[in-house]
Every structure is written in C-alpha cells, then in structure tokens.
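Data block below; observations after.
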Amino acid sequence: MRIIAGTARGTQLFAPKGMETRPTRDQVKESLFNILQSELSGATVLDLFAGSGALALEALSRGAAAAALVDQDREAVQCISRNVEKLRFGDRTTVLHCDWQQGVSRLSADGKQFDLVFLDPPYRMKELADICLSMETRRLLLPDAMLVLEHISGFTPALPPTFELVKERDYRDTVIHFFRWKGEGTR
C-alpha cells in the first residue's frame, strides 16, 4: 500500500495486520481520487474508519489542508501515527483512537468542520444513516460537503434526504457512492 500521487507520491504505508482492516485497492483509490481531484485543494478531510489512514493521507498528499483520522482499533491507530510521522503530516492531522460516536462528539466539541468525509466502515455495519445524522446534527459538515462511502457490492445505503447521491462507481466487490450534503451546515 502506498501514496499514489502528490507530494508524498510513492511512499509506502504501514498497514494493520489481519482481516479487520481492508485497504482500498490501488486501482480503486486511483479512480476515487481522479473523481475527487477538484474537491481536494485546501479541503478539510475526515476519515471516520481510517484503518491505515491511506485515504486521508492520499488527500493530504494531493492538496488537502488538514485531516482528522478516527479508528477504534489500537493497531490501526499505531499504523496511522507511524504513517503520519513518516509523511511529516503531523502539523496537518488529528488522530483519534475511539469509536465513530466518540470521534464525532470530540471533533464537534473542538469546533471541527469538514469539506470531505471518507466513510469506509466494516462491511457488516449497516447504521450508515445514523452516522450521517450524527455528523449532521453535530455540525461537522461544511456546506456542500462531499461524503465518499465505500461498501460491499449488493448493498444500497439509505441515507437521510439531505445527502444527495451524485455518483456511483462499481469495482466488482466494492461500490463507492459519492454524496453531496445539502443541509445548512454553517455555524
């Protein structure tokens, strides 16, 4: 697993061992970031189930201004921290070792808001609407924020009506939905 493009292009990343973390394949990541390129310059990014941190770190390498990475797995957070240090992105990242509910709560309490959210939860997790509602009610989303949802093929997410589906890409066993948040959002 590596950074594909930008200032850290080619840098190999540390990844947690085992089956709990599914790294996004390079082909999928390349396609994903080609779609997102116009969203990245100066963006604030949230990676809510960060795993190795590869998506948020790729976004930083490609021009995002800052990122918050949340994961509840200790080994994943250790890998994220090692990757952040290796890439020298420490001044632009916040790494939280907690579950998504605590992460949303802590980021909200700190007044954080995001332009771009990566949501790649464990495939068994189905409460995606709850996650989106929590981000919305905790005011984590900036106007027109983009939500990138990666999940298993054959599952169609039901999100609140304030999240408008703008693109869908199917990569055999993985599907990525791109939603635009159409809520009010500003503080």
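Under the numbering used here, read the sequence shown as residues 1142 to 1328, first letter to last.
Built from N, CA and C at the ideal position, the CB exists for glycine as well.
From a predicted model like this one, the values you see are computed outputs, not experimental measurements.
Ranked by Cα distance from L1189, the first of K1267, D1311, T1152 and L1237 is L1237. Residue range L1282 to I1293 is occupied by the beta strand (DSSP E) that includes A1286. By the C-beta criterion, the stretch 1276-1286 is judged not to be in contact with the stretch 1307-1317, since fewer than 3 inter-stretch pairs fall below 8 angstroms.
Excluding residues up to 5 positions away in sequence, D1188, A1191, G1194, A1197, I1221 and V1236 lie with their Cβ nearer than 6 angstroms to the Cβ of L1210 in the same chain. When only Cα atoms are considered, H1292 and Y1264 end up about 6 angstroms apart.
Following the DSSP letters along the chain, one finds K1267 in no alpha helix (DSSP H), marked with neither H nor E.
Excluding residues up to 5 positions away in sequence, V1245 lie with their Cβ nearer than 6 angstroms to the Cβ of S1275 in the same chain. In the three-state scheme derived from DSSP, where H, G and I count as helix and E and B as strand, A1207 is classed as strand. When C-beta atoms of the stretch 1170-1182 are compared with those of the stretch 1222-1231, fewer than three pairs fall below 8 angstroms, so the two segments do not count as touching.
The Cβ atoms of R1203 and G1147 lie closer than 8 angstroms to each other. By alpha-carbon distance to E1325, the top candidate from A1217, D1271, D1232 and Q1254 is Q1254.
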